[in-house]
Every structure is written in structure tokens, then in C-alpha cells.
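A short worksheet on the structure shown next.
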Amino acid sequence: MQLNHYNSAFKKQKFSITLICDGVTNAPNIGSLLRISDALGVEELIFCGDNVQLGKRIKKTSRSTEKYVSHRIETDILTVVSDLKRKKYFIIALEITDTSIRLNDYELITNQPVALIIGNENFGISEEVLKLTDAIVHINMFGENTSMNVVQATSITLYELIKQIQKIDD
Numbered sequence: 249m250q251l252n253h254y255n256s257a258f259k260k261q262k263f264s265i266t267l268i269c270d271g272v273t274n275a276p277n278i279g280s281l282l283r284i285s286d287a288l289g290v291e292e293l294i295f296c297g298d299n300v301q302l303g304k305r306i307k308k309t310s311r312s313t314e315k316y317v318s319h320r321i322e323t324d325i326l327t328v329v330s331d332l333k334r335k336k337y338f339i340i341a342l343e344i345t346d347t348s349i350r351l352n353d354y355e356l357i358t359n360q361p362v363a364l365i366i367g368n369e370n371f372g373i374s375e376e377v378l379k380l381t382d383a384i385v386h387i388n389m390f391g392e393n394t395s396m397n398v399v400q401a402t403s404i405t406l407y408e409l410i411k412q413i414q415k416i417d418d
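All residue numbers for the sequence shown refer to the numbering used here, where the first residue is 249 and numbers rise by one.
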């Protein structure tokens, strides 16, 4: 028998992960990020930038998860990241750079809370923000394109980080 929301035995759980979005403004992406944050137990979702709209357009893709996911909008990402660093968060950026580590080679070796920064759909994460990170990871690509949708990339990365957090906690 196929399981559904009502008869599955998934354990509700939150992980000490804060997802920071650097200029993500596309409404379907915002809705999907809320949905994946709920599904994967993200503690908080912070949208950073001047043009972030959490209106009616996100509700279709979020499927009401904006009611369950702790989220907020901040204009200055540098302040957000600096505040989290002061609170002893381990800051990871998801970005392809000349020093980034392939996600499948990356090993999380801290039990600090984690902040994962994802970038704008077109421009990625700013250099100023990258300088504040403790690690930069990327997803190895095997096709012709050098990037994927921000939501799919975030989903893959969160899933891998949660697997590693669970190993650390065990």
C-alpha cells in the first residue's frame, strides 16, 4: 500500500541548519525553498535582499509551509552572516569557485549549528559574503550546463548536510 501524509511514520524533526538566501527573488523558488525547508527540518529560513516578496504568488508552490517554517526577510546579508558567526554558526556557501570543494568530497566535522548560504538565481553569492564563510561547496556537474536551479541544488546540499549531521549526532 502506498503511504500518504496521514499513515506514514516520518518522525518530525528540526536540524540546527539555517538557510540564508542571497538575493533569491523568484516567487516559485521562494515557495519551493519554504517547502523543502519544511520537508528537511530546516530551523530557520532567511531571505536577504531588497526585492524579496512573500506574497500570494509563493503560496501555490509552498503548499502552506510558510505557516510552519520559521522565516524572515532581512535587507543586509553581511549583517545576517556576521551575526550568525558571532553566535558560533559554521557558515557554508553553495557556490562554484576556484577553491570550492565538491559536495560529495566534503566532510562536515563540527557539531556547531550550520548556516547554508545559497545565491541569487543569476549572479550567485557575492564575493563579500564568500569571504565570511568557513567552507564553500559545489555540486559536481556532469552535463553541458554549469549550474542547476537554486531549489534543486539546495535540496541536494541540505540532504547531504543532514546525513552528515545525523552521523555526527549518533
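The beta-carbon is built from N, C-alpha and C at its ideal position, and this holds for glycine as well.
Run of the beta strand (DSSP E) containing residue i, from where it starts to where it stops
i           : result
residue 367 : 362 to 367
Extent of the continuous alpha helix (DSSP H) to which residue i belongs
i           : result
residue 410 : 398 to 417
Residue j beta carbon less than 8 Å from that of residue i
i           : j           : result
residue 297 : residue 323 : yes
residue 267 : residue 290 : yes
residue 344 : residue 394 : yes
residue 407 : residue 293 : no
residue 386 : residue 350 : yes
residue 356 : residue 413 : yes
residue 270 : residue 373 : yes
residue 281 : residue 341 : no
residue 330 : residue 384 : no
residue 359 : residue 416 : yes
residue 369 : residue 274 : yes
Residues bridged to residue i (per DSSP)
i           : result
residue 385 : 342 and 349
residue 265 : 362
residue 372 : 368
Stretch-stretch touch, CB-based, cutoff 8 Å, three pairs: the region 363 to 376 with the region 299 to 307
no
Could you name each continuous beta strand (DSSP E) segment of 3 residues or more that falls completely within the region 267 to 348, going from the start of the chain to the end?
290 to 296, 319 to 322 and 338 to 342
Indicate whether the contact test is met: 3 or more Cβ pairs, each with one atom in the region 400 to 413 and one in the region 249 to 256, closer than 8 Å.
no
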